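The structure appears right after this line, and notes come after that.
Numbering (this note's numbering), first residue to last: 475 to 967.
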């Protein structure tokens, strides 16, 4: 089996299963769910498909009609939703662009909504397959013979785990970034691994471009950059057999990676700054959203992100509903973002003493749940990590670093129902497969030892200490029979 065979095996199994799963959902041909980010992404995609660029037009009656026809009660809040065509800087552009591409082929409606969800299912299946392909490469190139023996079982194990994960499939029922983020994370890690083994400027440039697409999919990946700037030099020096182990080379390649990321991202950042009329390349969403993680409500919910502070802030700074000028709506978003940033700074200053505990709570909450099948998966992953400590620390580093980076990002921002961890679920699955293999190997060794002890032949054995001799007639699992003890100068017993 090769890595390509591994990819095909996983994809051909998972793609039909994921498609069947989403086809069976009551949301299959419906608009995005009324709660969540899906409506915003779909609204931007609709505007892009009309030629209005990455913008929203919430008062457009044609846009509203698809929602109201589907369920006028659940989507009733859209009836009074105001707003002219306003360029959007809050959402990353990748998913809306994909939605717009679907709308260019199919008329917006139930069929197009279904196709978008099918594409998300295919992205999820492809992401699992790429993680399996990457895991195959890690294991098959491991110096550990027991780990290499796991190669044929890696793909079936990952398929079983991935499809049994209902939490992962739940993201297929809405218009969310998780499936694409999962796919692009797998692609980035596989490309990075290959570039570190065979470093060249071309491969590093591809790594930078792939990571830029991750940021285009989900802006929070930008927070990975400081950690990647530290870890990539280590991976370069550690993974490449013929790479000169000089820090200067590793640092140059890493610097080139960062340059490529900024170059590929710069068009979007320039666009955002032009839209907002100031240098704010990341838009207004970051500081506004961060308010939900640095507030009393988040502390009360053990680090979970809360919408209440933003709702209060928007009530204090209401939108210019009477205005049909996009500039007025943009100014309103800027004012909200500035006030949110000020409140985050003030709250942080006043609550420095509880921040360490809050960070721990965020991590604990994000890694929920700790019961049932989810707990079993975590136990297997932990067993896999422990096994890799003794068998192959390099593979452990590759699988653990993405999990560690995403966990630190959660600690620094907020927990959001496990959504931050979805892109790196593949690392957990691979560790769990390795953990199950380790458990099976240990169980097999224990059974063999037990069977060997039971089948050990009986007979006469002699053991001695000094000049004394102990005559043993039988040894088995039932015990030891001593035929006698000979001590010079005494009568035999």
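Ideal Cβ positions, reconstructed from N, Cα and C, are used throughout, including at glycine.
Given the structure is predicted, the values throughout are model-derived calculations rather than measurements.
Collapsing the DSSP output to three states places residue 561 in a strand. For residue 769, no alpha helix (DSSP H) segment is defined, and its DSSP state is neither H nor E.
Using a C-beta cut-off of 8 Å, the stretch 487-496 makes contact with the stretch 591-611, since at least three inter-stretch Cβ pairs fall below that distance.
Beta-bridge analysis with DSSP links residue 530 to 560. Residue 543 holds the alpha-carbon nearest to the alpha-carbon of residue 583 among 543, 606, 569.
Between residue 678 and residue 736, the CB-CB gap reaches or exceeds 8 Å. In the three-state reduction of the DSSP assignment, residue 761 falls in the helix class.
Burial of residue 879 is indicated by the presence of at least 16 other C-beta atoms within 10 angstroms of its C-beta. Excluding its 5 nearest sequence neighbours in each direction, residue 580 has C-beta neighbours in its own chain below 8 Å: 586, 589, listed in chain order. The C-beta separation of residue 658 from residue 687 comes to about 6 Å, placing the pair in contact by the 8 Å criterion. Only exposed fits residue 479, as fewer than 16 other CB atoms lie within 10 angstroms of its CB. Approximately 4 Å separates the beta-carbon atoms of residue 858 and residue 905; this is inside 8 Å, confirming the contact. Counting only the Cα atoms, residue 518 lies some 48 Å from residue 912.
Spanning the alpha carbons of residue 827 and residue 908 requires a straight line of approximately 40 Å. Residue state for residue 816 is assigned as helix, using DSSP reduced to three classes. Taking the C-beta atoms as reference points, residue 521 is found no nearer than 8 Å to residue 573. Contact holds between the stretch 622-639 and the stretch 598-614, because three or more Cβ pairs, one in each stretch, are under 8 Å apart.
Excluding the 5 residues flanking it on each side, residue 833 has same chain C-beta neighbours closer than 6 Å at 885, in chain order. The Cβ neighbour count for residue 485, taken over all protein chains shown within 10 Å, is at least 16; the residue is labelled buried. In the DSSP annotation of this structure, residue 555 is not part of any alpha helix (DSSP H), being labelled neither H nor E. Separation of residue 890 and residue 779 (C-alpha to C-alpha, rounded to the nearest whole angstrom) is 6 Å.
Within the DSSP bridge table, the entry for residue 778 names 889 as partners.
Shown here, residue 723 sits in a helix according to DSSP, grouped into three states. Counting C-beta atoms within 10 angstroms of its own C-beta, residue 824 has fewer than 16 neighbours from the protein chains shown and is therefore classed as exposed. In the displayed model, residue 799 falls within coil according to three-state DSSP, outside both helix and strand.
Closest in alpha carbon position to residue 860, among 847, 849, 874, 848, is 874. Close CB contacts of residue 883 within its chain, under the 6 Å cut and outside five residues either way in sequence, are with 697 (chain order). Measuring C-alpha to C-alpha distances from residue 642 to each of 854, 848, 837 identifies 848 as the nearest.
For the set 923, 868, 694, 568, the Cα lying nearest the Cα of residue 764 is the one of 694.
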